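Notes to accompany the following structure.
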Ligand SMILES: Nc1ncnc2c1ncn2[C@@H]1O[C@H](COP(=O)(O)OP(=O)(O)OP(=O)(O)O)[C@@H](O)[C@H]1O
Ligand SMILES: [Mg+2]
């Protein structure tokens, strides 16, 4: 599979006074899962819908290997998208797909194929009105896969999925990317996609705050050291040299922005009796939160 | 384009709406055809605006009864056509459709084309119901059924066309008023209340009378050549061909407006 390179260039969308998306640029590479992360109202859905020709941007363009969505001859074969689980409740899962098969340019047999791929084969003949939220998310994914696309664009695909469903979704997009496909998915929780994505793009209040491989995000997590000593006075005296340090309780101090080596050496030099010395990283979620809360 | 039509046909056949509305329409027309046939033959037909007694020739009576679908049942094909479009908004499936086929013009044309077979079906069912029940009621009342009269048969045939045209108007209407509840309330309000009142009111005021002929309901009746209102001498109708043009014109203008306005909007 040859996934397209998804390139968002200078995308701006204004709704009256609201600047929903402000000069957003980033790329999603083939063979990788790109997580598009931001809090509620950040502009994720607006960006994804603009990419798919559903929203006319105020400025900027989104291309799939150089071509806009509207220029794709058979879009369903290039990009499969799942934006929200919206279906006619009176149609069966199979019929829902059958209404789209002519547009996607695929034979009807493909409908049962994708239903099987998402584990809905048994529910194919039931009305969607009776589906659970998790089943609807799966049907949405099946819809995205109908045209056998080389790229997937998924807006909050983990919404409403139980832990087993999330694990399944994770494995699914990982294997899609491993076969060379491009995956761009959004989420408002880093933890939800931490084990799924290769690259992260962080958006908040319409602007890109960070874009890098996930690994580089780990590097931004500043370490902190926890030091425990039964000698409270000695402990307080030692950590007073770090203005940010704070006492968690009478025997435990937390010193942000330091390593265990640094603190251990200082304790040794001060001949402090040490009962515990641990270095811990700031959680990625905290790093993410910090990024999204930074002033524009 | 073929793909769009096939997709829209499948959308229409994979929900229960088409046969539910069809059965409701048949029931409604059967009721009115029976009641009217008996009322027109036995009842006191009253007086017109000029105070003269309203007398109805057997042929006019037959046409009025056999084309009652066009006079009183057109809300059903109209509503079905409208829901073909508004359903996409109500169930938020428009985005999914446009992801597979991004052209919004093609979407509207596909829906209009896919509505044609249903339009024919509703038209045929409407005419068949009105004729079956109407003829039975007329026979019961001892009136001639007039089913061997060429003009009567022509009217019955044209009533099928009129009902079909109504469905296309519905598709156009649904692309302007995309809120399903608003669309259905408007369809019912207009067909059951506003237009009948307008036509009666305009009929009583001489200078405005010609305008009444161009109202969509009057155009539909003109096409079928029979009208409860005109039979009773309360208003004039256009020639049949003009009625068809006016009716399809409403549909085309509405579809055009919908395509240029609502369907151009962001799908959020
Ligand atoms: N149709 C609209 N009209 C006006 N403002 C809008 C419209 N759609 C979105 N917005 C605004 O644009 C901003 C971005 O919204 P968007 O839906 O893209 O956010 P999001 O990142 O998808 O959020 P969420 O996590 O809640 O789904 C918000 O401030 C929202 O209020
Ligand atoms: Mg969103």
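Chains as they are written, first to last, in the numbering used here: chain S, 893 to 1188; chain V, 3 to 270. Note that the Cβ used here is the ideal one computed from N, Cα and C, for glycine as well. Small disclaimer: the values here were computed from a predicted structure and weren't measured.
Using alpha carbons as the reference points, say which of the options lies closest to residue i.
i	options	result
residue 1181 of chain S	S:1096, S:1165, S:1111	S:1096
residue 1 of chain V	S:1037, S:934, S:992	Limits of chain V in this structure are 3 at one end and 270 at the other, which puts residue 1 of chain V out of reach.
residue 21 of chain V	V:124, V:67, V:116	V:124
residue 257 of chain V	V:190, V:111, V:15, V:118	V:111
residue 1176 of chain S	S:1126, S:1141, S:1115, S:1028	S:1115
residue 905 of chain S	S:954, S:930, S:1027, S:923	S:954
residue 245 of chain V	V:266, V:222, V:102	V:222
residue 952 of chain S	S:938, S:1054, S:903	S:903
residue 972 of chain S	S:1068, S:1058, S:916, S:929	S:1068
residue 31 of chain V	V:68, V:105, V:195	V:68
Looking at the strands, I want to know which residues DSSP matches up with residue i.
i	result
residue 1027 of chain S	In the DSSP output, where bridge partners are listed per residue, residue 1027 of chain S has none listed.
residue 1148 of chain S	S:1116
residue 1139 of chain S	S:1145
residue 1102 of chain S	S:1094
residue 961 of chain S	In DSSP, residue 961 of chain S forms no bridge with anything.
residue 928 of chain S	S:1078, S:1093
residue 972 of chain S	S:1044
residue 135 of chain V	Residue 135 of chain V pairs with nothing; no bridge assigned.
residue 1168 of chain S	S:1120
residue 907 of chain S	S:910
residue 1019 of chain S	S:984
residue 899 of chain S	S:919, S:955
residue 1173 of chain S	S:1115
At 9 Å on the CB atoms, spell out the chain S contacts of residue i, in chain order.
i	result
residue 6 of chain V	994, 995
residue 97 of chain V	941, 944, 946, 973, 975, 976, 978
residue 12 of chain V	987, 990, 991, 992, 993, 994
To the nearest angstrom, how far is the alpha carbon of residue i from that of residue j?
i	j	result
residue 1010 of chain S	residue 197 of chain V	51 Å
residue 1101 of chain S	residue 81 of chain V	49 Å
residue 64 of chain V	residue 138 of chain V	11 Å
residue 84 of chain V	residue 122 of chain V	16 Å
residue 92 of chain V	residue 76 of chain V	23 Å
residue 90 of chain V	residue 96 of chain V	5 Å
residue 203 of chain V	residue 192 of chain V	15 Å
residue 1044 of chain S	residue 1074 of chain S	6 Å
residue 960 of chain S	residue 969 of chain S	14 Å
residue 1021 of chain S	residue 1099 of chain S	37 Å
residue 117 of chain V	residue 7 of chain V	9 Å
residue 1119 of chain S	residue 1062 of chain S	38 Å
residue 1147 of chain S	residue 1108 of chain S	23 Å
residue 211 of chain V	residue 172 of chain V	26 Å
residue 36 of chain V	residue 71 of chain V	12 Å
residue 1081 of chain S	residue 1087 of chain S	12 Å
residue 217 of chain V	residue 239 of chain V	10 Å
residue 213 of chain V	residue 936 of chain S	52 Å
residue 1186 of chain S	residue 995 of chain S	44 Å
residue 1140 of chain S	residue 899 of chain S	47 Å
residue 956 of chain S	residue 997 of chain S	19 Å
residue 114 of chain V	residue 170 of chain V	6 Å
residue 928 of chain S	residue 982 of chain S	33 Å
Can we count residue i as close to ligand 3, meaning its CB is less than 7 Å from some heavy atom?
i	result
residue 937 of chain S	The ligand content of the structure shown is limited to ligand 1 and ligand 2, which means ligand 3 is not among them.
If you follow the beta strand (DSSP E) that residue i is part of, which residue opens it and which one closes it?
i	result
residue 980 of chain S	Premise fails: residue 980 of chain S is in no beta strand (DSSP E) and is neither H nor E.
Please compile the residues from chain V whose C-beta is within a distance smaller than 9 Å of the C-beta of residue i.
i	result
residue 952 of chain S	What residue 952 of chain S touches in chain V: nothing, since even the nearest Cβ is about 15 Å away.
residue 947 of chain S	268, 269, 270
residue 1068 of chain S	What residue 1068 of chain S touches in chain V: nothing, since even the nearest Cβ is about 17 Å away.
residue 1050 of chain S	Going along chain V, no residue has its Cβ under 9 Å from residue 1050 of chain S, so there is no contact; the nearest lies around 19 Å.
Using a Cβ cut-off of 8 Å, pull out every chain S residue sitting near residue i, in sequence order please.
i	result
residue 118 of chain V	Those do not exist, as residue 118 of chain V stays about 17 Å from chain S at its closest Cβ, beyond 8 Å.
residue 94 of chain V	976, 978
residue 89 of chain V	980
Could you tell me which chain S residues have their CB closer than 7 Å to the CB of residue i, listed as they occur along the chain?
i	result
residue 9 of chain V	991, 992, 994, 995
Which residues mark the beginning and the end of the alpha helix (DSSP H) in which residue i is found?
i	result
residue 239 of chain V	No alpha helix (DSSP H) holds residue 239 of chain V; DSSP gives it neither H nor E.
residue 170 of chain V	152-178
residue 68 of chain V	60-68
residue 76 of chain V	Segment: none, residue 76 of chain V is in no alpha helix (DSSP H) and carries neither H nor E.
residue 1050 of chain S	From DSSP, residue 1050 of chain S is part of no alpha helix (DSSP H); its letter is neither H nor E.
residue 147 of chain V	First-last for residue 147 of chain V: undefined, no H or E at that position.
residue 223 of chain V	218-226
residue 1086 of chain S	Where residue 1086 of chain S is concerned, there is no enclosing alpha helix (DSSP H), given that its DSSP letter is neither H nor E.
residue 198 of chain V	197-206
residue 36 of chain V	19-44
In chain V, which residues lie with their C-beta within 7 Å of the C-beta of residue i?
i	result
residue 999 of chain S	Within 7 Å Cβ-Cβ: nothing; residue 999 of chain S doesn't reach chain V, min ~12 Å.
residue 962 of chain S	104
residue 987 of chain S	16
residue 983 of chain S	16, 17
For residue i, go through chain V and note every residue whose CB falls closer than 8 Å to its CB, in chain order.
i	result
residue 1035 of chain S	98
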